[in-house]
């Protein structure tokens, strides 16, 4: 080995060590510091959804949750935020072998709920969620889109219903975000094996039209004047919570 090669190797090694130390320092600071999610909505056209920090009481990764209202009966459900999935999953009745998460959404009691048929483009998109080329096994095009999904969704059906939430959290009056919110109604799941009150998971992925982000953008919410923007702020373990914002907020 030439002397110049040895010098370059030593330099690269020192640079790598310094980089690792910097990354470690950032991670430590991120754990100790409580971030302040205080961006203003004044002057913007956003609707903010309060995020509950579940990390304080649970060691399960991803335990930030939001409370939504689903269906004509405005069933209040707590959903864990998951940026790794597109399709929102909600535990539905009847639910065989499900863990004790309450409440369990009863789609049959909602006057605004409807199954999506096999002919729906959303049903075809489930093949990508499962990671297979073949779509759901359907008897005919009008059959409900029932599927054995992976990632702890299975079994269940694809449906749509009215999605609302209390903008700004607290006792604020609920507002409708999507009239035809598409989600997976699961009849069995081990997704939330940690137990608790969470009734499912909100998919915040950007990979396809099944995501709530795509649905909100596609609907454009012209009746509420919402622009096609989305942002979120999630705090650390020591933080006080955070928020999701559908629509644009003031910088």
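Residue numbers (my numbering): 29 to 279. Even glycine gets a Cβ: it sits at the ideal position worked out from N, Cα and C. Please read all numbers here as calculations on a predicted model, not as lab measurements.
Alpha-carbon spacing of residue i relative to residue j, whole angstroms
i           : j           : result
residue 110 : residue 257 : 19 Å
residue 244 : residue 124 : 31 Å
residue 104 : residue 98  : 7 Å
residue 231 : residue 212 : 10 Å
residue 136 : residue 77  : 27 Å
residue 140 : residue 113 : 25 Å
residue 236 : residue 150 : 10 Å
residue 207 : residue 100 : 10 Å
Where residue i falls: helix, strand or coil (DSSP)
i           : result
residue 260 : strand
residue 173 : coil
residue 33  : Low local confidence applies: a pLDDT of 44 at residue 33 is under 50, so the model's placement there is unreliable, with the coordinate-based value given in what follows. Three-state result, residue 33: helix.
residue 113 : coil
residue 270 : strand
residue 229 : strand
residue 245 : helix
residue 152 : helix
residue 103 : strand
residue 147 : coil
residue 118 : strand
residue 137 : helix
CB-CB length for residue i against residue j, believed under 8 Å
i           : j           : result
residue 1   : residue 216 : Because the chain here runs from 29 to 279, residue 1 falls outside it and cannot be looked at.
residue 192 : residue 94  : That belief does not hold up - the Cβ atoms of residue 192 and residue 94 are roughly 12 Å apart, past 8 Å.
residue 214 : residue 132 : The pair is not a contact, with the Cβ atoms about 10 Å apart (cut-off 8 Å).
Neighbourhood of residue i by C-beta distance below 8 Å, restricted to the same chain and skipping five residues each side
i           : result
residue 323 : Residue 323 lies beyond the range of the chain shown here (29 to 279); nothing can be said about it.
residue 143 : 172, 173, 185, 186 and 187
residue 170 : 145, 146 and 147
Contact set for residue i: own chain, Cβ-Cβ below 6 Å, skip 5 residues either direction
i           : result
residue 270 : 65, 79, 261, 262 and 263
residue 259 : 273
residue 238 : 114, 115 and 153
residue 134 : 121
residue 241 : 258
Close Cβ partners of residue i (< 7 Å) along its chain, the five nearest in sequence each way excluded
i           : result
residue 166 : 146
residue 234 : 241
residue 138 : 99, 100, 101 and 189
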